[in-house]
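>
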Amino acid sequence: MDARLEAIRDTVLARNPGEAEFHQAVTEVFESLGPVHDRHPEFLEAAILERLCEPERQIIFRVPWTDDSGRVQINRGFRVEFNSALGPYKGGLRFHPSVYLGIVKFLGFEQIFKNALTGMPIGGGKGGSDFDPRGRSDAEVMRFCQSFMTELYRHIGEYTDVPAGDIGVGGREIGYLFGQYKRITNRYESGVLTGKGISWGGSLVRPEATGFGTVIFTGEMLKTRGSSFDGQRVVVSGSGNVAINAIAKAQALGATVVACSDSSGYIVDEAGIDVGLLRRIKEVERGRLKDYEVRRPGVSYVDGGSVWDVDATVVLPCATQNELDGDAAARLVRNGLLAVGEGANMPSTREAVAVFQEAGVLFAPGKAANAGGVATSALEMQQNASRDSWSFEHTEQRLTDIMVGIHDLCAQTADEYGEPGNYVLGANIGGFVKVADAMLAQGLI
């Protein structure tokens, strides 16, 4: 790392103790930015990096609610409004027991660059709670969401901060959150949340966008090697919204997706995952992958273990941060891996990324490859602002154009800075320069 940036990085880490994921995200970005500051010393003089690493606003609040047995429960809510140089804060809400300030800051920091890469006028933010919706009744989830929004509503708005979904926050949760926002504010401000239902302000393609976008970006990388998804053997981690739609898109392009996972284990289906069955089990029945094995002959289910033990030519990590480590990366490389497209946020450890890059494996970091979700959220905001609704085909084409544009920006930036094929450097520099230029133009704020 450039010595100038290392000193700034060390100060950031010291000011934010105990936030390992945030430290990891900051370090990864800083490792790419030395060449930028050689060309643009004005960024150092204006302390752009120091300001970029300090959120504009951090909100932490208590969320009291009552469970079905009448017991009072207390969770903690977060919203980190990180950077608004390019537009209103934009980023999802995550409901999961692992959520704490460091996770939210890591996600929000990544969101700054991801949103910049889309070319849409949106800044970076993130939020969530340590509430776990899994195993809770609809009534319990509703009461929690209403309590959460009773505090959050005062900090958001279509020109201020526009949350969306993330892990643990799907259409059900967005509906309860939006209903409470509308009730408190007495306004039908549809642009305040994205990921809404189609009949009340949502956008077609939004549920599919993150998974589809990851596959589109990865497909563009494969084209640079004269290849495509056709005939590839693919492994996907996770079995939530992003994973299911990545599986669907990859198989539509001719790949065979042979494995996916959940928090309990993974399935191997050599015939190719039955997306309809998987979607029914996970999204309608809210079941587990074990149920897939029972209902589809010839499928093996592995309780525990790692889905990365399954050989593949393309892998799409779509579950959570730091799920794919250096050992797993080395094993995949030894067995013929060609490309990695991150559908989750920072699912590959730093050691894994190093293994992929040293082996010449095409590697798409999450801030570029999974930007399709937030890009389509911005398209939802456009439709809300114009009181319009676009067709699936038109919206999907817009998503495709955005993802191809992100790929090309990352590739061209890597070429410009002397590291062809380094999509990590391309994404970090490409996103950073857009935000830095805006921050410089807007003065010391």
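Using this note's numbering, you'd call the opening residue of the sequence shown number -11 and step up by one each time. Just so you know, even glycine gets a beta-carbon here, dropped at the ideal spot from N, CA and C.
1. Using a 10 Å radius around the Cβ and a threshold of 16 neighbouring Cβ atoms, would you call residue -4 buried or exposed?
2. Thinking C-alpha only, which one of 392, 309, 388, 423 is nearest residue 13?
3. If we ignore side chains and look at the alpha-carbon of each, how far apart do residue 98 and residue 156 end up?
4. Expressed to the nearest angstrom, what Euclidean distance is found between the alpha-carbon atoms of residue 235 and residue -9?
5. In the DSSP assignment, what are the bridge partners of residue 289?
6. Check whether the Cβ atoms of residue 387 and residue 418 sit closer than 7 Å, and answer yes or no.
7. To the nearest angstrom, how far is it from the Cα of residue 389 to the Cα of residue 359?
8. Determine contact between the region 166 to 185 and the region 212 to 226, defined as no fewer than three beta-carbon pairs at a distance below 8 Å.
9. Run the CB neighbour count on residue 109, radius 10 Å, all protein chains shown included, and call it buried at 16 or more, exposed below.
10. Taking only the alpha-carbon atoms, compute the straight-line gap between residue 139 and residue 287 and give it to the nearest angstrom.
11. Span of the alpha helix (DSSP H) holding residue 171?
12. So does the region 363 to 376 actually touch the region 113 to 128, counting three or more Cβ pairs closer than 8 Å?
13. Would you call the region 350 to 365 and the region 192 to 200 touching, i.e. three or more CB-CB distances under 8 Å?
14. On the DSSP bridge list, what partners appear for residue 304?
15. Excluding the 5 residues flanking residue 313 on each side, which residues of the same chain have their C-beta closer than 7 Å to its C-beta?
16. Taking only runs of the beta strand (DSSP E) that begin and end inside the region 323 to 402, which ones reach a length of at least 3 residues, in chain order?
17. At 4 residues or longer, what runs of the alpha helix (DSSP H) sit wholly inside the region 36 to 102?
18. Determine the contact status of residue 18 and residue -7, defining contact as a CB-CB distance below 7 Å.
19. Just to confirm, is the Cβ distance from residue 384 to residue 193 under 7 Å?
20. To which residues of the same chain is residue 8 closer than 7 Å at the C-beta, ignoring the five residues directly before and after it?
21. Between the alpha carbons of residue 20 and residue -1, how many angstroms are there, rounded?
22. Alpha carbon to alpha carbon, what distance is there between residue 48 and residue 128?
23. Taking Cβ positions, are residue 176 and residue 137 nearer each other than 7 Å?
24. Below 6 Å CB to CB, which residues in the same chain sit around residue 45 once its five sequence neighbours on both sides are set aside?
25. In the DSSP assignment, find the alpha helix (DSSP H) that holds residue 29 and state where it starts and stops.
26. Would you give the residue range spanned by the alpha helix (DSSP H) that residue 116 belongs to?
27. Provide the residue span of the alpha helix (DSSP H) that contains residue 135, from first to last.
28. Kindly list the residues whose CB is nearer than 7 Å to the CB of residue 261, restricted to its own chain and excluding five residues on each side of it in sequence; keep chain order.
29. Suppose you measure from the CA of residue 84 to the CA of residue 121; what does that come to, to the nearest Å?
30. For residue 21, does the three-state DSSP call read helix, strand or coil?
31. With DSSP as the reference, label residue 216 as helix, strand or coil.
32. Since residue 238 and residue 222 are thought to touch, with beta carbons under 8 Å apart, how far apart are those beta carbons, to the nearest angstrom?
33. Taking the beta carbon of residue 342 as the centre, do at least 16 other beta carbons fall within 10 Å, making it buried, or is it exposed?
34. Hey, residue 232 and residue 266 are a contact pair by Cβ (cut 8 Å); roughly how many whole angstroms apart?
35. What separation, rounded to the nearest whole angstrom, lies between the Cα atoms of residue 29 and residue 94?
36. May I have the straight-line CA-CA distance separating residue 327 from residue 52, to the nearest angstrom?
Walking through what the data contain:
1. One-based indexing of the sequence shown puts residue -4 at position 8. By the neighbour-count criterion, in which a residue is buried when 16 or more other Cβ atoms sit within 10 angstroms of its Cβ, residue -4 is buried.
2. As a working mapping, residue 13 is identified with position 25 in the sequence shown. Per the Cα distances, 309.
3. Your numbering for residue 98 matches position 110 in the sequence shown. Your numbering for residue 156 matches position 168 in the sequence shown. C-alpha separation (whole angstroms): 19 Å.
4. Stepping through the sequence shown from its first residue, residue 235 is reached at position 247. Stepping through the sequence shown from its first residue, residue -9 is reached at position 3. Cα to Cα, the separation comes out at about 42 Å.
5. Taking the sequence shown and counting its residues from 1, one reaches residue 289 at position 301. Under DSSP, residue 289 shares a beta bridge with 255.
6. The residue labelled residue 387 in the question sits at position 399 within the sequence shown. The residue labelled residue 418 in the question sits at position 430 within the sequence shown. With contacts defined as CB atoms closer than 7 Å, residue 387 and residue 418 fail to qualify as a contacting pair.
7. Walking along the sequence shown from the start, residue 389 turns up at place 401. Walking along the sequence shown from the start, residue 359 turns up at place 371. The alpha-carbon atoms of residue 389 and residue 359 are separated by roughly 12 Å.
8. no
9. Along the sequence shown, one-based indexing puts residue 109 at 121. Burial call: exposed.
10. As a first step, residue 139 is located in the sequence shown; it is residue number 151 there, counting from the start. As a first step, residue 287 is located in the sequence shown; it is residue number 299 there, counting from the start. C-alpha separation (whole angstroms): 46 Å.
11. As a first step, residue 171 must be located in the sequence shown, where it is residue number 183. Segment 159 to 173, the alpha helix (DSSP H) holding residue 171.
12. no
13. yes
14. Locating residue 304 in the sequence shown gives position 316, where the first residue counts as 1. Paired residue(s): 224.
15. Start at 1 with the first residue of the sequence shown, and residue 313 comes out as number 325. Excluding positions up to five away in sequence, the list reads 337, 339, 340.
16. 327 to 329, 350 to 352
17. 36 to 40
18. Working through the sequence shown from its first residue, we reach residue 18 at position 30. Working through the sequence shown from its first residue, we reach residue -7 at position 5. The answer is yes: Cβ separation under 7 Å.
19. By 1-based counting over the sequence shown, the position of residue 384 is 396. By 1-based counting over the sequence shown, the position of residue 193 is 205. Contact: yes.
20. If you number the sequence shown from 1, residue 8 lands on position 20. The answer, listed in chain order, is 90.
21. Taking the first residue of the sequence shown as position 1, residue 20 is located at position 32. Taking the first residue of the sequence shown as position 1, residue -1 is located at position 11. Approximately 18 Å between the Cα atoms of the pair.
22. Along the sequence shown, read from residue 1 onward, the residue named residue 128 stands at position 140. Along the sequence shown, read from residue 1 onward, the residue named residue 48 stands at position 60. Between residue 128 and residue 48, the C-alpha separation is close to 22 Å.
23. On the sequence shown, residue 176 is found 188 positions in, with the first residue counted as 1. On the sequence shown, residue 137 is found 149 positions in, with the first residue counted as 1. No, the Cβ-Cβ distance between residue 176 and residue 137 is not below 7 Å.
24. As a first step, residue 45 is located in the sequence shown; it is residue number 57 there, counting from the start. Excluding sequence neighbours, residue 45 sits near 69.
25. Taking the first residue of the sequence shown as position 1, residue 29 is located at position 41. Taken as a continuous stretch (DSSP letters only), the alpha helix (DSSP H) holding residue 29 covers 29 to 33.
26. Your numbering for residue 116 matches position 128 in the sequence shown. Unbroken run through residue 116 is the beta strand (DSSP E), 111 to 117; no alpha helix (DSSP H).
27. As a first step, residue 135 is located in the sequence shown; it is residue number 147 there, counting from the start. First-last of the alpha helix (DSSP H) with residue 135: 126 to 140.
28. Position 273 of the sequence shown holds residue 261. Cβ neighbours of residue 261 beyond the five flanking positions: 235, 245, 248.
29. On the sequence shown, position 96 is the one that residue 84 refers to. On the sequence shown, position 133 is the one that residue 121 refers to. For residue 84 and residue 121, the distance between alpha carbons rounds to 7 Å.
30. For the purposes of this step, residue 21 is taken as residue 33 along the sequence shown, with counting starting at 1. Correct three-state label for residue 21: coil.
31. The residue labelled residue 216 in the question sits at position 228 within the sequence shown. Under the three-state reduction of DSSP output, residue 216 falls in the coil class, being neither helix nor strand.
32. Looking up residue 238 in the sequence shown gives position 250. Looking up residue 222 in the sequence shown gives position 234. Yes, they are in contact, since the Cβ atoms of residue 238 and residue 222 sit about 5 Å apart, within 8 Å.
33. Counting from 1 along the sequence shown, the entry for residue 342 is found at position 354. Classification of residue 342: exposed, given that the 10 Å Cβ count is below 16.
34. Taking the first residue of the sequence shown as position 1, residue 232 is located at position 244. Taking the first residue of the sequence shown as position 1, residue 266 is located at position 278. Yes, they are in contact, since the Cβ atoms of residue 232 and residue 266 sit about 6 Å apart, within 8 Å.
35. Within the sequence shown, residue 29 is the residue found at index 41, counting from 1. Within the sequence shown, residue 94 is the residue found at index 106, counting from 1. Cα to Cα, residue 29 sits roughly 26 Å from residue 94.
36. Walking along the sequence shown from the start, residue 327 turns up at place 339. Walking along the sequence shown from the start, residue 52 turns up at place 64. Rounded to the nearest angstrom, the two C-alpha atoms are 45 Å apart.
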